[in-house]
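Since the structure comes first, as structure tokens, the remarks are kept for the end.
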Amino acid sequence: VYRGSVKDFQGFDANQDAEALYNAMKGFGSDKEAILDLITSRSNKQRVEICQAYKSLYGKDLIADLKYELTGKFERLIVSLMRPPAYGDAKEIKDAISGVGTDEKCLIEILASRTNQEIHDLVAAYKDAYGRDLEADIVGDTSGHFKKMLVVLLQGAREEDDVVSEDLVEQDAKDLLEAGELKWGTDEAQFIYILGRRSRQHLRLVFDEYLKIAGKPIERSIRGELSGDFEKLMLAVVKCIRSKAEYFAERLYKAMKGLGTRDNTLIRIMVSRSEIDMLDIREVFRTKYEKSLYNMIKEDTSGEYKKALLKLCGGDDDAAGEFFPEAAQVAYRMWELSAVKVELRGTVQPAGDFNDDGDAQVLRKAMKGLGTDEGAIIEVVTKRSNAQRQQIIKAYKAHYGRDLLADLKSELSGSLAKLILGLMLTPAQYDAKQLRKAVEGAGTDESVLIEIMATRNNQEIRAINEAYQEAYHKSLEDDLSSDTSGHFKRILVSLALGNRDEGPENLTQAHEDAKKLADVSSNDSSDSLETRFLSILCTRSYPHLRRVFQEFIKMTNHDVEHAIKKRMSGDVRDAFVAVVRSVKNKPAFFADKLYKSMKGAGTDERTLTRIMISRSEIDLFNIRGEFIDLFDKSLHHMIEKDTSGDYRKALLALCGGED
Numbered sequence: 001v002y003r004g005s006v007k008d009f010q011g012f013d014a015n016q017d018a019e020a021l022y023n024a025m026k027g028f029g030s031d032k033e034a035i036l037d038l039i040t041s042r043s044n045k046q047r048v049e050i051c052q053a054y055k056s057l058y059g060k061d062l063i064a065d066l067k068y069e070l071t072g073k074f075e076r077l078i079v080s081l082m083r084p085p086a087y088g089d090a091k092e093i094k095d096a097i098s099g100v101g102t103d104e105k106c107l108i109e110i111l112a113s114r115t116n117q118e119i120h121d122l123v124a125a126y127k128d129a130y131g132r133d134l135e136a137d138i139v140g141d142t143s144g145h146f147k148k149m150l151v152v153l154l155q156g157a158r159e160e161d162d163v164v165s166e167d168l169v170e171q172d173a174k175d176l177l178e179a180g181e182l183k184w185g186t187d188e189a190q191f192i193y194i195l196g197r198r199s200r201q202h203l204r205l206v207f208d209e210y211l212k213i214a215g216k217p218i219e220r221s222i223r224g225e226l227s228g229d230f231e232k233l234m235l236a237v238v239k240c241i242r243s244k245a246e247y248f249a250e251r252l253y254k255a256m257k258g259l260g261t262r263d264n265t266l267i268r269i270m271v272s273r274s275e276i277d278m279l280d281i282r283e284v285f286r287t288k289y290e291k292s293l294y295n296m297i298k299e300d301t302s303g304e305y306k307k308a309l310l311k312l313c314g315g316d317d318d319a320a321g322e323f324f325p326e327a328a329q330v331a332y333r334m335w336e337l338s339a340v341k342v343e344l345r346g347t348v349q350p351a352g353d354f355n356d357d358g359d360a361q362v363l364r365k366a367m368k369g370l371g372t373d374e375g376a377i378i379e380v381v382t383k384r385s386n387a388q389r390q391q392i393i394k395a396y397k398a399h400y401g402r403d404l405l406a407d408l409k410s411e412l413s414g415s416l417a418k419l420i421l422g423l424m425l426t427p428a429q430y431d432a433k434q435l436r437k438a439v440e441g442a443g444t445d446e447s448v449l450i451e452i453m454a455t456r457n458n459q460e461i462r463a464i465n466e467a468y469q470e471a472y473h474k475s476l477e478d479d480l481s482s483d484t485s486g487h488f489k490r491i492l493v494s495l496a497l498g499n500r501d502e503g504p505e506n507l508t509q510a511h512e513d514a515k516k517l518a519d520v521s522s523n524d525s526s527d528s529l530e531t532r533f534l535s536i537l538c539t540r541s542y543p544h545l546r547r548v549f550q551e552f553i554k555m556t557n558h559d560v561e562h563a564i565k566k567r568m569s570g571d572v573r574d575a576f577v578a579v580v581r582s583v584k585n586k587p588a589f590f591a592d593k594l595y596k597s598m599k600g601a602g603t604d605e606r607t608l609t610r611i612m613i614s615r616s617e618i619d620l621f622n623i624r625g626e627f628i629d630l631f632d633k634s635l636h637h638m639i640e641k642d643t644s645g646d647y648r649k650a651l652l653a654l655c656g657g658e659d
């Protein structure tokens, strides 16, 4: 199935088009609208024919005339469209290695993503256009393992056999693990050989097997074991093996997000993928970034340049509101990855040489007399487990006859006080307090209710109920019921029961559940869409729900999260999406919440503090891994950049390290 956005123009006439372009550039000024309309609506093969016809009719070089008449980014885009793909890649690589410095990102993008045939065509085009050997030029401009991998990719010799040997898959996964995680130092040659030569189908299975035996995705191991441009190249290879559409969607997003636009990257991808997989890229972009590629281009560019890019994009997926097979495949792969058992790890461990009385004395000394030694308080509180902190509270009372929490509250202030006092409560007491704050007073903080109720397990929910009753002398369910309404209230009350199934998946039941979620035709008011989703999402076990989500994708070519967003709204939508994301990958859910709490102007310290406290002994180490995978920056780095003073010091201690 053709997945490009630019197709052959019906009724094509090369001479007629050549004449139209000549007239558009004749005389004073040029008709840029006519040029972009014509060139962006012809396929590359047809543009080549137009170039030949133009030379035959007028004895002139069309590309040279376009360069003369047009300027800036628009000129670069239009001229790039006129070159055959292999010559376009050759030009990009030539520009990347010419002059002072090297554009390694361009080399990585092209060589990691092209097929064997495309590589062979590129090498021939480079020789034809510049009279030089591409391999020799790249060897002369790069070094080390980065150079070696580029040379391997330049051979265009990746295996193309779809028949996969299970034994070889297991052996390759084991060899990669032993070459990196299990080895003192890293055997880079093994990574180069396997990732540079094996077929795409084989490597996808190797990555799945690696996740099972290593307990982490291959990307995370590459980040830990390799560095610099070599690391970036290997990550790009892995991403392209998994999904080229996802790789290019990410590249396009990064080219436009934030201040400024990386126009070279934007042009190169929009041109090179317009006749290959632009529709797939658009679909993944819409799913992954909750925004259409069309709209991001529209907001980030201007003038004829914008118009031409939008024509290449080929449509607005926000307007269409559809979900397509490539996006479904990406979502399906994410569900499969989430089903693999990964060990959850906190960043705060019990102190080995723990002495509750000694710690109580250190804390008393830190608060006695004039001034407060915040550093000593942070050192003790963040380096002890919650169970050990409870022992310190008792020892402090026994030794001094004083309430440690009351003393801390009087000595500390601001964000640091909230963090330290939160750490001194038991997890259930802390969650109960956060829920109480969310419902008391004017207004309700629905986001806090959703975050806590959608992510806690049965045991945690029951402990929260007990702590809430003890602290506030009323039931959590009553407060949730009186402060919320409608389907949202029913969702929260259901979750507050702490009665989710805890058994394994049931394939037959999962198929029926998926069918129930997919049914949009039911007119029975007692079986509303929200009721059906509640009866499944709030009661089934996590392993079972993962299977339901997979069955849903198979059945509808839709991701269940996309379906919720399309068919629901407000707090109900947000609650169901939180449950789905928690089931899919809880550490990724919290990584996303942490990122949003710190990105942009200002910091949402309540969310940042709440998550750092509540996950520090459960899965904060895993959250760190997901954070760097999702956002290409470490949680440690973002906290360091976005906070200050003793509050920052305490948060970094909880974070537990720089990734």
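Residue 214 in the UniProt record's numbering sits at position 214 of the sequence shown; the count goes up by one each step and never skips. We put the CB at the ideal spot given by N, CA and C, even for glycine.
Residue i (DSSP reduced to helix, strand or coil)
{"i": "V381", "result": "helix"}
{"i": "S292", "result": "coil"}
{"i": "residue 691", "result": "No answer is possible for residue 691: it lies beyond the span of the chain, which begins at 1 and ends at 659."}
{"i": "G72", "result": "helix"}
{"i": "V164", "result": "coil"}
{"i": "D65", "result": "helix"}
{"i": "G401", "result": "coil"}
{"i": "V1", "result": "coil"}
{"i": "A351", "result": "coil"}
{"i": "H120", "result": "helix"}
{"i": "C313", "result": "helix"}
{"i": "D175", "result": "helix"}
{"i": "V237", "result": "helix"}
{"i": "G29", "result": "coil"}
{"i": "S597", "result": "helix"}
Short Cβ contact (8 Å threshold) for residue i with residue j
{"i": "I93", "j": "Y126", "result": "yes"}
{"i": "Y210", "j": "I222", "result": "no"}
{"i": "L537", "j": "A308", "result": "no"}
{"i": "F627", "j": "Y595", "result": "yes"}
{"i": "A112", "j": "C313", "result": "no"}
{"i": "D619", "j": "L344", "result": "yes"}
{"i": "D164", "j": "H202", "result": "In the sequence on display, residue 164 carries Val and not Asp. Against a cut-off of 8 Å, the Cβ pair of H202 and V164 comes out as a contact."}
{"i": "E374", "j": "L421", "result": "no"}
{"i": "F248", "j": "R282", "result": "no"}
{"i": "I63", "j": "M82", "result": "yes"}
{"i": "S385", "j": "E617", "result": "yes"}
For residue j and residue i, the rounded distance between their alpha carbons
{"i": "Y22", "j": "F74", "result": "18 Å"}
{"i": "D559", "j": "F549", "result": "7 Å"}
{"i": "Q349", "j": "T556", "result": "44 Å"}
{"i": "F488", "j": "F576", "result": "9 Å"}
{"i": "A214", "j": "D13", "result": "58 Å"}
{"i": "D229", "j": "D103", "result": "11 Å"}
{"i": "K437", "j": "V448", "result": "9 Å"}
{"i": "N295", "j": "S243", "result": "23 Å"}
{"i": "T444", "j": "M638", "result": "29 Å"}
{"i": "P84", "j": "D167", "result": "41 Å"}
{"i": "H473", "j": "V380", "result": "32 Å"}
{"i": "T426", "j": "S475", "result": "18 Å"}
{"i": "F621", "j": "D133", "result": "47 Å"}
Heavy atom of the ligand HEM within 7 Å of residue i beta-carbon
{"i": "G369", "result": "Absence of the ligand HEM is noted for the structure shown, with no ligands found whatsoever."}
Sequence-distant residues of its chain with Cβ nearer than 7 Å to residue i (five each side left out)
{"i": "D137", "result": "I97"}
{"i": "A173", "result": "V206, E209, Y210, I213"}
{"i": "D8", "result": "S43, Q46"}
Contacts around residue i, its chain only, beta-carbon distance under 6 Å, and the 5 residues preceding and following it disregarded
{"i": "F323", "result": "Residue confidence for F323 is low, a pLDDT of 49 falling below 50, so the modelled location carries little weight; the figure read from the coordinates is stated next. Answer for F323: H558, H562, listed in chain order."}
{"i": "T186", "result": "G180, E225"}
{"i": "R286", "result": "S292, D317"}
{"i": "residue 669", "result": "With the chain covering only 1 through 659, there is no way to say anything about residue 669."}
{"i": "E188", "result": "H145"}
{"i": "S143", "result": "none"}
Close-in-space but distant-in-sequence residues of the same chain around residue i (CB under 8 Å, 5 per side omitted)
{"i": "R197", "result": "V152, A157, R158, E159"}
{"i": "V572", "result": "G486, H487, F488, I491, E530"}
{"i": "T382", "result": "V348, L423, A650, A653, L654"}
{"i": "residue 706", "result": "With the chain covering 1 to 659 only, the question about residue 706 has no answer from this structure."}
{"i": "G27", "result": "none"}
Sufficient close CB pairs (3 or more, under 8 Å) joining the stretch 576-585 to the stretch 443-457: yes
Are there three or more Cβ pairs, one per stretch, closer than 8 Å when the stretch 81-91 is compared with the stretch 105-122? Contact between the stretch 81-91 and the stretch 105-122 is present: three or more C-beta pairs spanning the two stretches fall below 8 Å.
Segment contact flag, the stretch 2-17 with the stretch 47-63, C-beta cutoff 8 Å, min 3 pairs: yes
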